[in-house]
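Chemist: The structure follows.
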Amino acid sequence: MKRTLSLLTLIMILFLPMTTSLASFDEIKTSAMSYLTEVYGYLYDELDDFVYEDTQTDEVWGVSYWPKDHPEWVYTLTVNKTTPDIRTGGSPFDTPLGWACGESGVRDILSAAKEGSWFTNWTKPNQAAFMQCLEDNNVDPTTALSTGIANGSITADKAIYEFFTSCFGEDITWKDATKQWREFILTSNGLTSSASVSTPIKGVRTYLAKVDEETSVLYTDFYQEVPAELAGAFGQQQFSGWTCIAGAIRTVSGSTSLHNFNETGLAIFEKEGARQLVMVYRALSTDAWQTFSVGEDMLYTDRDVMILCDQENRNMQRFTIEYPVSDTKTEIFEVMPRISLDRDMPFAQLQFLRYSATDRQTSEGVIIEKSRTSDATDTRYISVTTKTAGSPAVQEDIKGKLPDYFNDADMATFPTNAEECLAFSKILGDVLPDGYGLCSSVHLRAKTSSRSKDLGLYNSGTMVKVLEVLPGNPEAWIKVQIGSVIGYMSGSYVSYTGTGYRASLEIQAELPAASANKDTVIKKGITLLSGKVADIKAGAKMHVLATRGKWLHVSIPSEGMESNDMDINGTYGYIWAEDVTLAPSMKQLTWAE
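Heads up: the sequence shown begins at 1 in our numbering, then just goes up one per residue.
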């Protein structure tokens, strides 16, 4: 409630009327003092510790003000003389993450910590009070902070470090004043800056976090030891010779509102110098855990590694794959399992979210993620933020593409700086055969109308031969051919090199796959009387392109072409859905055998 009141007060201050005549400096100063207490969270007895300087110009009334002990922490307030309702306030510090906390919330927490001597008397009760204060002020603690408090491994200096990271994000993007503020809090509590990064701790650790009155999330991470509940899943034949070295799982109890992607986790296995990344999944807590291989190319093999649940986003099933490079340096990949097996077409992929490499000692580093910037074409951009010694952080949008899913990543070529992003640029035209487009989940129509006959719902990742691009309203229609089937798809769902149409889709989704349950046939159409294309044996593998009633449009790869990617020269036809076993991808189908 306190934060809501502060927000309302801020709105009142911003629109407080001023006299249209020339305001006195005392009036401007009074407004500035209101900002300090109501917006920035200072106490009333601290107001006399500020220096106030008149910065009036012909256009605005203004004041600059700063703490006497910190003249570099300059706040500003200006009021437009023509339109006094227009005010602009400025803080020397970064804007805290999220709406609810604000600079005032950060100060409230630090004031409570000072009053309770939490950091100077770092006991379990004081740690619990600190975490409760964060929750009361709607601050999501970093994973390192919440897990460190839970297992008693975090010191007061590291807690302060992680608290500021919780509020302001990674410090490579901070203003100097924010870093100075953190150092001031450390020294005022008799502590020195701790720049050490988290390192793996052997064993199984669990942390229970309350999301709301009905729901709790249990986080479990493990290193060189496997939780008992995963022993059965990891004892399957496909793990023969592999040793689990690290992992994490996230389970939900209470309300089912957070079961968007059910219960998931990640694990890393090692064998003869190779590493394999695996997703684990179960739909309900009463179900057995299932496993899905992500692959063997998306992990570094020359350094230690750990997996943690991302506790900063409790309603999302995010995980971090962390590599402690040195005492102060770390590389982190943020990912999220996307698994759904309770629908017509199974789906199991690991979504890539973000990469960061930072040095806590120097605040140097890089952050790489998919940019929200886009243009009128299907061009993608990579956002790269770089911080080097002696220079402010620089953010740039680079034309190019990162893998939508970690299944497509290869650590041998994955970009870790701006220059490598320029070279990486996984452009659609570089990965598709000439004349082919790639569709997302879209209906194939008999005519250029969404009301025309439905020829099937085609899965993301299906390659389509583009025959013609036709005008439409509002989007173009793409005349396509898949095997012998010809129809029309909305241009909103087809990425095709050479067109000006942007497809807002995850173009690297893996196609579902299937295995024949018995000797059967694939047919030219979707009736029992349709002609036969080919006989197939039990166990034959195929990509599932589309669903059409109780039939599946499939493509059987040519000999030697069996992979996750669709073989455009394969054998196309329809198969009765009950005659096959579905899997999220060809990789999963093969791996499960």
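Glycine is no exception: its CB is placed at the ideal position from the N, C-alpha and C atoms.
Taking DSSP as the reference, what is the three-state secondary structure of N126?
Modeler: The residue you call residue 126 lines up with position 126 of the sequence shown. N126: helix per DSSP, three-state reduction.
Chemist: Checking the sheet assignment: what are the DSSP bridge partners for Y436?
Modeler: For the purposes of this step, residue 436 is taken as the residue at position 436 of the sequence shown. In the DSSP output, where bridge partners are listed per residue, Y436 has K465.
Chemist: Anyone know if the C-beta pair for M566 and M489 falls short of 9 Å?
Modeler: Taking the sequence shown and counting its residues from 1, one reaches residue 566 at position 566. Taking the sequence shown and counting its residues from 1, one reaches residue 489 at position 489. Taking 9 Å as the Cβ cut-off, M566 and M489 do not qualify as a contacting pair.
Chemist: Confirm, please, whether the CB-CB distance from T520 to W477 is below 9 Å.
Modeler: Taking the first residue of the sequence shown as position 1, residue 477 is located at position 477. Taking the first residue of the sequence shown as position 1, residue 520 is located at position 520. No. Outside cutoff.
Chemist: In chain order, what residues of the same chain lie with their CB nearer than 7 Å to the CB of G525, ignoring the 5 residues before and after it?
Modeler: Working through the sequence shown from its first residue, we reach residue 525 at position 525. Around G525: Y574.
Chemist: Alpha carbon to alpha carbon, how far is A112 from A128? Give it in angstroms, no decimals.
Modeler: As a first step, residue 128 must be located in the sequence shown, where it is residue number 128. As a first step, residue 112 must be located in the sequence shown, where it is residue number 112. When rounded, the distance between both Cα atoms is 13 Å.
Chemist: Label Y501 either buried or exposed according to how many other C-beta atoms from any shown protein chain fall within 10 Å of its C-beta, with 16 as the threshold for buried.
Modeler: As a first step, residue 501 is located in the sequence shown; it is residue number 501 there, counting from the start. Caution applies to Y501, whose pLDDT of 46 falls short of 50 and renders its modelled position unreliable; the model cannot decide the point.
Chemist: Curious, which full-length alpha helix (DSSP H) runs of at least 4 residues does the region 67-148 contain?
Modeler: Here the runs fully enclosed are 102-116 and 124-136.
Chemist: Excluding the 5 residues preceding and the 5 following R445 in the sequence, name in chain order all residues of the same chain whose CB lies nearer than 6 Å to its CB.
Modeler: Here residue 445 is taken as the residue at index 445 of the sequence shown, counted from 1. Hits under 6 Å: S452, G487 and Y488.
Chemist: Considering only residues of the same chain and omitting the five flanking positions on each side of I367, which have a CB-CB separation below 6 Å?
Modeler: Within the sequence shown, the letter at position 367 stands for residue 367. Taken in chain order, the residues that qualify are S356 and T385.
Chemist: Who are Q276's beta bridge partners in DSSP?
Modeler: The residue labelled residue 276 in the question sits at position 276 within the sequence shown. Looking at the DSSP assignment, Q276 forms a beta bridge with F269.
Chemist: Select from T187, Y223 and L218 the residue whose C-alpha is nearest the C-alpha of I201.
Modeler: Indexing the sequence shown from 1 puts residue 201 at position 201. I201 has its Cα closest to that of Y223, out of T187, Y223 and L218.
Chemist: So does the region 238-252 actually touch the region 205-220, counting three or more Cβ pairs closer than 8 Å?
Modeler: They touch, by the three-pair rule.
Chemist: Quick check: T291 and Y300, are their CB atoms within less than 9 Å of each other?
Modeler: Here the question's residue 291 lines up with position 291 in the sequence shown. Here the question's residue 300 lines up with position 300 in the sequence shown. Not a contact, by the Cβ cut-off of 9 Å.
Chemist: Using the Cα positions of S460 and P512, report the straight-line distance between them to the nearest angstrom.
Modeler: As a working note, residue 460 is residue 460 in the sequence shown. As a working note, residue 512 is residue 512 in the sequence shown. Roughly 9 Å between the two C-alpha positions.
Chemist: Which residues bound the alpha helix (DSSP H) around E183?
Modeler: Mapped onto the sequence shown, residue 183 falls at position 183. Counting along the chain, the alpha helix (DSSP H) containing E183 begins and ends at D176 to S188.
Chemist: With burial defined as no fewer than 16 other Cβ atoms inside 10 Å of the residue's Cβ, what is the status of Q237: buried or exposed?
Modeler: As a working note, residue 237 is residue 237 in the sequence shown. Burial call: exposed.
Chemist: Evaluate R275 with the Cβ neighbour count: other Cβ atoms within 10 Å of its Cβ, from every protein chain shown; 16 or more gives buried, anything less gives exposed.
Modeler: Within the sequence shown, numbered from 1, the residue matching residue 275 stands at position 275. Buried is the call here.
Chemist: Is the region 325-340 in contact with the region 195-214, if contact means three or more CB pairs nearer than 8 Å?
Modeler: Yes, the region 325-340 touches the region 195-214.
Chemist: Could you tell me the alpha carbon to alpha carbon distance between P337 and A409, rounded to whole angstroms?
Modeler: Counted from its first residue, the sequence shown places residue 337 at position 337. Counted from its first residue, the sequence shown places residue 409 at position 409. Cα to Cα, the separation comes out at about 14 Å.
Chemist: Between E162 and L145, which are expected to be in contact by the criterion C-beta below 8 Å, what is the C-beta distance as a whole number of angstroms?
Modeler: Mapped onto the sequence shown, residue 162 falls at position 162. Mapped onto the sequence shown, residue 145 falls at position 145. So it is a contact: roughly 4 Å between Cβ atoms.
Chemist: Which whole-angstrom value describes the C-beta separation of I339 and N262, a residue pair presumed to lie in contact below a C-beta threshold of 8 Å?
Modeler: Within the sequence shown, residue 339 is the residue found at index 339, counting from 1. Within the sequence shown, residue 262 is the residue found at index 262, counting from 1. That belief holds up - the Cβ atoms of I339 and N262 are roughly 7 Å apart, short of 8 Å.
Chemist: Which residues bound the beta strand (DSSP E) around T547?
Modeler: On the sequence shown, position 547 is the one that residue 547 refers to. Residues K541 to R548.
Chemist: Report, in whole angstroms, the separation of the C-beta atoms of D49 and P67, which I expect to be a contact under 8 Å.
Modeler: Taking the first residue of the sequence shown as 1, we reach residue 49 at position 49. Taking the first residue of the sequence shown as 1, we reach residue 67 at position 67. Right, their Cβ atoms sit about 6 Å apart.
Chemist: Please classify F168: does DSSP put it in a helix, a strand, or coil?
Modeler: Taking the sequence shown and counting its residues from 1, the one referred to as residue 168 is at position 168. Residue state, collapsed to three classes: helix.
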